[in-house]
Amino acid sequence: MKNLDRLFAPAFIFSLICACSSGGESTRPELPDPTVGGAGATGSENPDGTADPLTPGGPAGSGGSANGEGVNPDIPLTGNTAGGGNTAGSGNTAGSGGSGPTNDLPAFVAPTSPDPDIFTGAPQSLRQAGTLTERLIGTAVRANRLNNETYTTAAREFSYVTPENEMKWDALEREPGVFTFANGNRIVQFAEANHMLVKGHTLVWHSQIPAWVRAMTTRDEALTAMERHITEVVGHYKGRVHAWDVVNEAFTDGNNSRLRGADPNDVNDPNNSNGNNGPDSPFRRLIGEDYIDRAFTLARAADPDALLFYNDFNTEGTNAKANAVFNMVQSMKQRGVPIDGVGLQMHINASGGVTAQQLTQNIQRLTGLGLQVVFSELDVTLCGNADIAERRQQQKTRLAEVTKACTDNPLCTAITFWGIADNDSWRNSTCNGGGSEPLLFDTTYQRKDAYFGVFDTLVTAGAATP
Ligand code: XIL
0 MKNLDRLFAP AFIFSLICAC SSGGESTRPE LPDPTVGGAG ATGSENPDGT
50 ADPLTPGGPA GSGGSANGEG VNPDIPLTGN TAGGGNTAGS GNTAGSGGSG
100 PTNDLPAFVA PTSPDPDIFT GAPQSLRQAG TLTERLIGTA VRANRLNNET
150 YTTAAREFSY VTPENEMKWD ALEREPGVFT FANGNRIVQF AEANHMLVKG
200 HTLVWHSQIP AWVRAMTTRD EALTAMERHI TEVVGHYKGR VHAWDVVNEA
250 FTDGNNSRLR GADPNDVNDP NNSNGNNGPD SPFRRLIGED YIDRAFTLAR
300 AADPDALLFY NDFNTEGTNA KANAVFNMVQ SMKQRGVPID GVGLQMHINA
350 SGGVTAQQLT QNIQRLTGLG LQVVFSELDV TLCGNADIAE RRQQQKTRLA
400 EVTKACTDNP LCTAITFWGI ADNDSWRNST CNGGGSEPLL FDTTYQRKDA
450 YFGVFDTLVT AGAATP
């Protein structure tokens, strides 16, 4: 928990409480333009000037309601399969040397800008509003956007970053034992220069893995590969990554939720034809159920100070899949497996899906095990039949209610959004003649009403924080 000390230190001042306690937009102080640079270093923003290796492969759509509780974002991601256009490798492999980016993670350099979490008066950003209630407020970032000043300025609204793709297996280890850290490094350096913490995402996942991982056939091969990957990656970022998503999306959807890869036929499931999103996990299939315990134990050994999370989607409430995750992490805790928390992805919709009550119940039972809960990938699509103004209002209300579900529980420690502006979102699809508008900033990086659903809720919670 070492790094949370900073957040939990009494370094912030509650003088704004009076100004904000009456709530409502009329008393909200004016915020600075999120696209105009102000205080703060920007870090190493594309120092090499290389072309962008991270071309998004297209939006994933808004999904359907898989089981009456949330959407199912685990749908084919055209163009993003292993070896596709969304990996970080080309030109950055170890040993390419010379003028290109290298694998070496430069030593930590203390930021020269003032710490934004130490402030007087009203909060000027989401992160400052989060500081009032002792929560990290995060966003997914893309290394290829760090040379865009509008993007980096808006990114400084946040205190926590998750690389959207740059620390996935297909980005870091495209060939067995050949690691490519340059893009992940850039994100870590950007975070450090701007007083942000980093969530590493993700060590063991059935998706966005290179073809050679999917082609493995023996238990020994899989164990060796998993051990090497976790040890190298966590070791590389030791002391620089606050928390890791150690295992991602291990469970299947639906009422008979079970571990992916538990049925030998999973490998042949036609839904798996794109190599990404069927029920198969080569790790479960080849290693056995204990691959999850092993992954956490390896991660803890490689960096004893990093917080270790299990992360999944459609697990926000109390459906069969959420219950399966609860049972697993309860058993892990009982058996002394080193797990610190559960990430609820929260790819949700403005209307329908998990209720605030179900979410609260799930947060309560998970934190009751002594685990932290974080919202790890929050986005809220607008798709639906109601009038657009009404749907935007629903989105704001929904964001306020889920933010409150987090701030109501002291062990819900972070809320991370899956991107900054709508046009950067993986769920930025078309619906009902408009866009799905899933994030807090519009396509010009201006704050939307949705932003204030979060901001105002954090401020209100901060006023009540002793
Ligand atoms: C998504 C990224 O946002 C896309 O850019 C990429 O093409 C596919 O993956 N669950 C996760 C995230 O854990 O890693 C996924 O991110 C979204 C669903």
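Quick note on numbering that gives the first Met the number 0: the sequence shown kicks off at 0 and runs consecutively.
Where a beta carbon is used, it is the ideal one built from N, C-alpha and C, also for glycine.
Fair warning: this is a prediction, and the values are worked out from it, not measured in the lab.
Look at Ile414 here: in three-state DSSP terms it is strand. Its Cα nearest to that of His346, the residue Phe416 stands out among Gly433, Asp339, Phe416.
When rounded, the separation of the alpha-carbon atoms in Leu104 and Met215 is 30 Å. At a cut-off of 7 Å, the beta-carbon of Thr201 counts as near the ligand XIL: some heavy atom of the ligand is closer than that. Pairing Asn422 with Arg334, the inter-Cα distance amounts to about 44 Å.
Checking the 7 Å criterion, the Cβ of Trp425 is within range of a heavy atom belonging to the ligand XIL.
The criterion of a C-beta distance shorter than 8 Å is satisfied by Gly418 and Ser424.
For Glu191, no beta strand (DSSP E) segment is defined; the enclosing uninterrupted segment is the alpha helix (DSSP H) at 181–192. Here Phe250 is buried: its Cβ has 16 or more other Cβ atoms, across all protein chains shown, within 10 Å.
With a threshold of 7 Å, the Cβ atom of Asn164 counts as near the ligand XIL, since some heavy atom of the ligand is closer than that. In this structure, Gln329 is the residue among Ile387, Gln329, Pro175 with its C-alpha nearest to the C-alpha of Gly367. For the pair Glu163 and Arg126, the CB atoms are not nearer than the 8 Å cut-off. Distances from the CB of Glu226 to the heavy atoms of the ligand XIL are all 7 Å or more. Gln445 is classed as exposed because its beta carbon has fewer than 16 other beta carbons within 10 Å across all chains shown. In this structure, the beta-carbon distance from Leu285 to Leu196 does not fall below 8 Å. The alpha carbon of Cys382 has as its nearest neighbour, out of Val203, Gly351, Gln356, the alpha carbon of Gly351. Counting along the chain, no alpha helix (DSSP H) covers Ser350, and no H or E run does either.
One alpha carbon belongs to Thr412, the other to Leu222, and they sit about 32 Å apart.
Listed as beta-bridge partners of Asp244 by DSSP are His200, Phe308.
Here DSSP, grouped into helix, strand and coil, assigns Glu174 to strand. Judged by DSSP in its simplified three-state form, Arg218 adopts helix. Nearest Cα to Ser124 within the set Val187, Gly36, His200: Gly36. The residues Ala181, in chain order, have a CB closer than 8 Å to that of Thr101 in the same chain once the five nearest residues on each side in sequence are set aside. Assignment of Gly432 by DSSP, reduced to helix, strand and coil, places it in the coil class. Note that the stretch 198–206 does not touch the stretch 453–463; fewer than 3 beta-carbon pairs, one per stretch, sit closer than 8 Å. Distance from the C-beta of Phe312 to the nearest heavy atom of the ligand XIL is below 7 Å. Proximity of the beta carbon of Glu315 to the ligand XIL is not indicated: no heavy atom of the ligand is located closer than 7 Å.
The ligand XIL never approaches Asn143 closely enough for any of its heavy atoms to be under 7 Å from the residue's Cβ. Short of 6 Å from the beta carbon of Lys167, and not among the five residues preceding or following it, lie these beta carbons of its own chain, in chain order: Gln207.
Nearest Cα to Gln371 within the set Tyr159, Asn361, Ala121: Asn361. The three-state secondary structure of Ile338, taken from DSSP, is coil.
Per DSSP, the continuous beta strand (DSSP E) segment holding Ile136 begins and ends at 135–140. Using a Cβ distance threshold of 8 Å, Lys320 and Asp378 do not count as a contacting pair.
With 16 or more other Cβ atoms inside 10 Å of its own Cβ, Asn313 counts as buried.
Cα atoms of Asp219 and Phe282: separation of roughly 11 Å, rounded to the nearest angstrom.
Trp243 has its Cβ no nearer than 7 Å to any heavy atom of the ligand XIL.
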